[in-house]
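Student: Pasting in a structure now, in structure tokens, and then I'll have a few things to ask.
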Amino acid sequence: MSIARVEPLTTARALRGPFDYLIPERLGEVGVGTVLEVPFGRRRITGVVVEMAERSDLPPEKLAEPIRVVGTGTTPDLVDLGRWIAEEYCSTPARGLGLVLPPGTGTGGERTRFRVEKSSRITEAGREALDNGARLGAKQKLALTQLLEGELTGRQIAARAGVDSSTLRRLEERGLIERRNVNVRRRPTGAGVGNAATEAPALTGDQRAAVDALVARLGDLAAGEGVLLNGVTGSGKTEVYLAVVEEVLARGRTAIVLVPEIGLTPQAVGRFQARLGDRVAVLHSALSAGQRFDEWQRLMSGEATVCVGPRSAVFAPLGNLGLIVIDEEHDSSYKQEGDPRYDAREVARRRATATGSLLVLGTATPRPESWERLDRIDLPARVDGQSMPPVELVDMREADPRQGPIHRRTWEALAEVREKGQKAIVMINRRGFAPWLTCRTCGHHWGCPNCDVSLIVHRESGQLICHHCNHAEPLPGRCSECGGTTLSQTGAGTQRIERLLAEELAPMPVFRLDADTSAGPGGHAGILSAFDREESAVLVGTQMVAKGHDFPEVTLAAILDADATLRFPDFRAEERTFSLVTQLAGRSGRSRAGGRVIVQTLAPNAPSMSNAATHDSASFLAGELGRRRELGYPPYSHLIRVQLAAEGEPDVDRAAGLVADRLAEALPPGAEILGPAPMFRARNRYRRRILIRSGTRAESIAAVHSTIEALLADRALRKITLAIDVDPQ
Ligand code: ADP
Ligand code: ZN
């Protein structure tokens, strides 16, 4: 008799599993990772087996039997990973396990299954009938001829020969074909962009050395801790990943390649698909439920041996894992913003260590955490001997404000690009037309009714929009306070820059890439392709334009508001700014035509600016780590953030005070509580933040988790929404 410990997949915190069930023979094979439908009181619920046992603490008559096995389930090591996430990120087992199960499990999305179709094969009798000129209808003959090439589904025959299922049924009755049920794969479409080469180029000396050093670590016990591939923009990191992936596959193992949000980096995906073909499964958010399910099953069954995708691809159900690559490891999309707030880089480390896989983190702008902790392999130069583009810092403090958001020097550089028939990328960190609308007569300023922020002018849609809660109202013609009709739209966003550039640089085409345009038809990849096809053009946009794209004709990269990210009251502001400026700079000068970079800034002396101007990550990181050590910030401490929100300000204050008091009692010595501090009101809710800084990670996480759970169980936090974020970004 065997017992399965089953964790219910419900979001109710009160249901504390796992619960024991008796497994009868009739259910077939049940083990850790099997998904079961089980009776629970008077209900039926879905659950996952998290442990198998010989006996239960409950008497046998109290043990129920599961109703049935659901789908394929997942693997034991992924169950471990899901449970670990629940603990490490203060979430629930159901949420942690939800990450590692087949798409659709337990969410009522159970309709997501294999697509089964009838597939036809020609029989010997069928071949003879064709050869002997037996009496066949025209359609029957057409169908049989198609089937000479191999087995086809009804859908495929219909597409090729316009033959319907009644014809096939008659052929089957005559014994000329055989039909059977098969699973049909729903293929993802349109993930990759560009005509990537299918052949590997000859590696440069630096690339070869990097590949050799990485391959030498395969199978190394410490390999799961990670190696930093520190390669400047354009140094050919992707070729290094590909070479190591091929080596891992040759050894009969499998690989995961994580990339930032796929919509933003279609080129990278295209390169993997072109080189590795059908062995690659792609998981990304634009897949239909069916496509996602099928790609997942291809990985689970071993048919696909490489998974490329954004952060959630770290949960790809690959057996015999040998390698996890994290491309652009500095990218903030690796941290999940909703519960569980996991960091895919840490999850990857956990999984690589548990499976004896090699973990490779690649970037031109390493995080201080990685620089401090990891062994490093450098790619110090661009391929083809291209030099890094010179960076000019333009001091906007001295600029005449009447000149507008684009400095004279930037205009000159753009004019030169047009003259020479080249391409430019211009970045500004805000979408919309203008960030402020004010009345010239009375000074009234339009803010969001739900949030303490300005409404942003969107001229295209004729609206004022809140970028926090998406509240939208028509753009007013007169002031709601004094009736004045002179309203000024100050500051600039992508729409205004697009218009300025189009006016000034005509007839050169200008493309805009931001969350508004990429939501349109063709999306993000469509805009990038259009820019790619032009001989000479400008691409203007938000941070999206700085991500890993490789357009050789770009000879100018300009950033108009380099300090936008520097003004955030956050200890990572400097790091983020350095990374953004360096990444944007990296888009320029990727061919023999060379290139340059212009950085408009109000803070030319900030370390993030001066070091980005010299492409000097090492100096930047040395300075940044020194500062962090002094101030006791990560990587020299661990942070946990507790965020509370409520409709009533007194409610949130009371709750925040209570949480802080309980935490003070529960936290280990040396842990420090910062706050509660107010945050700006958002979505009609008042918010408070408590930050815990400590040197003892596991103890502090456990203390925070149990404190909050206890308060929730006491119903002491009614009317409050609460989020715990371990390693907040
Ligand atoms: P990174 O990711 O380091 O910024 P990429 O991998 O995008 O750099 O490579 C930059 C460009 O150089 C790409 O167009 C790539 O195809 C090309 N490339 C990479 N390695 C080689 C090589 N060994 N020989 C020729 N071209 C290469
Ligand atoms: Zn709002």
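Note that numbering that gives the first Met the number 0 has the sequence shown beginning at 0, numbered continuously upward.
Ideal placement from N, C-alpha and C gives every residue a C-beta, glycine not left out.
Keep in mind it's a predicted model, so treat the numbers as computed, not measured.
If you drop the 5 nearest sequence neighbours on each side, which residues of the same chain put their C-beta closer than 8 Å to that of Ala-222?
Tutor: Answer for Ala-222: Arg-216, Ala-351, Gly-355, Ser-356, Leu-357 and Leu-358, listed in chain order.
Student: Round the Cβ separation of Asp-394 and Pro-603 to the nearest angstrom and send it over; I've been treating them as touching at under 8 Å.
Tutor: Their Cβ separation, rounded to whole angstroms, is 5 Å, which keeps Asp-394 and Pro-603 in contact under 8 Å.
Student: Taking contact to mean at least 3 C-beta pairs separated by less than 8 Å, is the region 287–305 in contact with the region 112–129?
Tutor: Yes: at least three Cβ pairs fall under 8 Å.
Student: Whole angstroms is fine: what's the gap from Ile-639's alpha carbon to Asp-330's?
Tutor: Taking the straight line joining both Cα atoms gives about 20 Å.
Student: Can you grab the Cα-Cα spacing for the pair His-457 / Gln-145, in whole Å?
Tutor: In a straight line, the C-alpha of His-457 is about 55 Å away from that of Gln-145.
Student: Taking its Cβ as the centre, do 16 or more other Cβ atoms sit within 10 Å of Ser-444, making it buried, or is it exposed?
Tutor: For the record, residue 444 in the displayed sequence is His; it is not Ser. So His-444 counts as exposed.
Student: For the ligand ADP, is there a heavy atom less than 7 Å away from the beta-carbon of Gly-547?
Tutor: Flag set: Cβ of Gly-547 near the ligand ADP.
Student: Given this structure, state the Cα-to-Cα distance separating Ala-85 from Tyr-341, to the nearest angstrom.
Tutor: Computed Cα separation, rounded: 9 Å.
Student: Helix, strand or coil: which one does DSSP assign to Thr-364?
Tutor: Coil at Thr-364, not helix or strand.
Student: Report back the beta-carbon spacing between Leu-643 and Leu-721 to the nearest angstrom; my notes put them in contact at under 8 Å.
Tutor: With a Cβ gap of about 5 Å, Leu-643 and Leu-721 count as contacting.
Student: Among the candidates Gly-235, Thr-197 and Val-37, whose CA atom is the shortest distance from the CA of Val-210?
Tutor: Cα-wise, what sits closest to Val-210 is Gly-235.
Student: Please return the same chain residues whose Cβ sits closer than 8 Å to the Cβ of Leu-378, not counting the five positions on each side in sequence.
Tutor: Excluding positions up to five away in sequence, the list reads Asp-205, Gln-206, Ala-209, Leu-228, Asn-229, Gly-230, Val-231, Ser-234, Gly-235, Lys-236 and Val-239.
Student: Give me the residue from Pro-75, Gly-625, Ala-536 and Glu-345 with the minimum Cα distance to Phe-769.
Tutor: The displayed coordinates of the chain run from 0 to 728. Any statement about residue 769 would go beyond what the structure contains.
Student: Tell me the DSSP secondary structure of Leu-565 in three-state form.
Tutor: Leu-565 falls in the helix class under three-state DSSP.
Student: Below 7 Å, is the gap between the Cβ of His-457 and the nearest heavy atom of the ligand ZN?
Tutor: No; taking the cut-off as 7 Å, the Cβ of His-457 has no heavy atom of the ligand ZN nearer than that.
Student: If we call anything under 8 Å between Cβ atoms a contact, is Thr-73 one with Pro-101?
Tutor: In this structure, Pro-101 lies closer than 8 Å to Thr-73 by Cβ.
Student: Alpha carbon to alpha carbon, how far is Leu-579 from Gly-420? Give it in angstroms, no decimals.
Tutor: Their backbone Cα atoms lie some 27 Å apart in a straight line.
Student: Just reading off the alpha helix (DSSP H) that Thr-144 is part of, what are its end residues?
Tutor: 137–146 is the extent of the alpha helix (DSSP H) around Thr-144.
Student: Given the structure, does His-704 come close to the ligand ZN, in the sense that its CB is under 7 Å from one of the ligand's heavy atoms?
Tutor: The answer is no for His-704.
Student: At the level of alpha carbons, what is the spacing between Ile-405 and Asp-451?
Tutor: Looking at the two C-alpha atoms, the distance is approximately 29 Å.
Student: Would you kindly report the start and end of the unbroken alpha helix (DSSP H) that includes Arg-417?
Tutor: Note, Arg-417: alpha helix (DSSP H), 407–419.
Student: Measuring from each Cβ to the nearest heavy atom of the ligand ZN, keep the ones under 5 Å and list them in chain order.
Tutor: Per the Cβ criterion, the list is Cys-447, Asn-449, Cys-450, Cys-465, His-467, Cys-468 and His-470.
Student: Contact between the region 314–321 and the region 250–262 is defined here as three or more beta-carbon pairs at a separation below 8 Å; is this criterion met?
Tutor: Result yes; three or more Cβ-Cβ pairs closer than 8 Å.
Student: Could you tell me whether any non-hydrogen atom of the ligand ADP is closer than 7 Å to the CB of Asp-383?
Tutor: Asp-383 Cβ: within cutoff of the ligand ADP.
Student: Please determine, among Asp-652, Ser-609, Tyr-685 and Ala-524, the residue with the shortest C-alpha to C-alpha distance to Glu-573.
Tutor: For the residues Asp-652, Ser-609, Tyr-685 and Ala-524, the minimum Cα distance to Glu-573 belongs to Ser-609.
Student: Do you know how far the Cα of Val-598 is from the Cα of Gly-585?
Tutor: Cα to Cα, the separation comes out at about 13 Å.
Student: For a test of your reading of the model: does the CB of Glu-573 fall under 7 Å from any non-hydrogen atom of the ligand ADP? Yes or no.
Tutor: It does not: the Cβ of Glu-573 is nowhere closer than 7 Å to a heavy atom of the ligand ADP.
Student: Taking the alpha carbon of Pro-309 as the point to measure from, which residue in Ala-347, Leu-275 and Glu-302 has its own alpha carbon closest?
Tutor: Nearest option by C-alpha distance: Ala-347.
Student: I need the DSSP call for Arg-67, collapsed to helix, strand or coil.
Tutor: Arg-67 falls in the strand class under three-state DSSP.
Student: How long is the line joining the alpha carbons of Leu-440 and Gly-403, rounded to whole angstroms?
Tutor: The amino acid at residue 440 is misidentified as Leu; the sequence shows Thr. Straight-line Cα distance between these residues: approximately 22 Å.
Student: Return yes when at least one heavy atom of the ligand ADP lies under 7 Å from the C-beta of Thr-203, else no.
Tutor: Because some heavy atom of the ligand ADP lies under 7 Å away, the Cβ of Thr-203 counts as near it: yes.
Student: Just the C-alpha distance for Pro-388 and Ala-556, rounded to the nearest angstrom, thanks.
Tutor: For Pro-388 and Ala-556, the distance between alpha carbons rounds to 9 Å.
Student: Using a Cβ-Cβ cut-off of 7 Å (strictly less than) and excluding sequence neighbours within five positions of Gly-540, which residues of its own chain qualify?
Tutor: Within the same chain, Gly-540 has close Cβ partners Met-426, Thr-493, Arg-511, Leu-512 and Asp-513.
Student: At a cut of 8 Å, does the region 678–686 reach the region 703–717 through at least three beta carbon pairs?
Tutor: Flag = no, the region 678–686 and the region 703–717 do not touch.
Student: Taking DSSP as the reference, what is the three-state secondary structure of Asp-211?
Tutor: Looking at Asp-211 - three-state DSSP - the assignment turns out to be helix.
Student: To the nearest angstrom, report how far apart Arg-381 and Gln-542 are at their CA atoms.
Tutor: Answer to the nearest angstrom: the Cα atoms are 23 Å apart.
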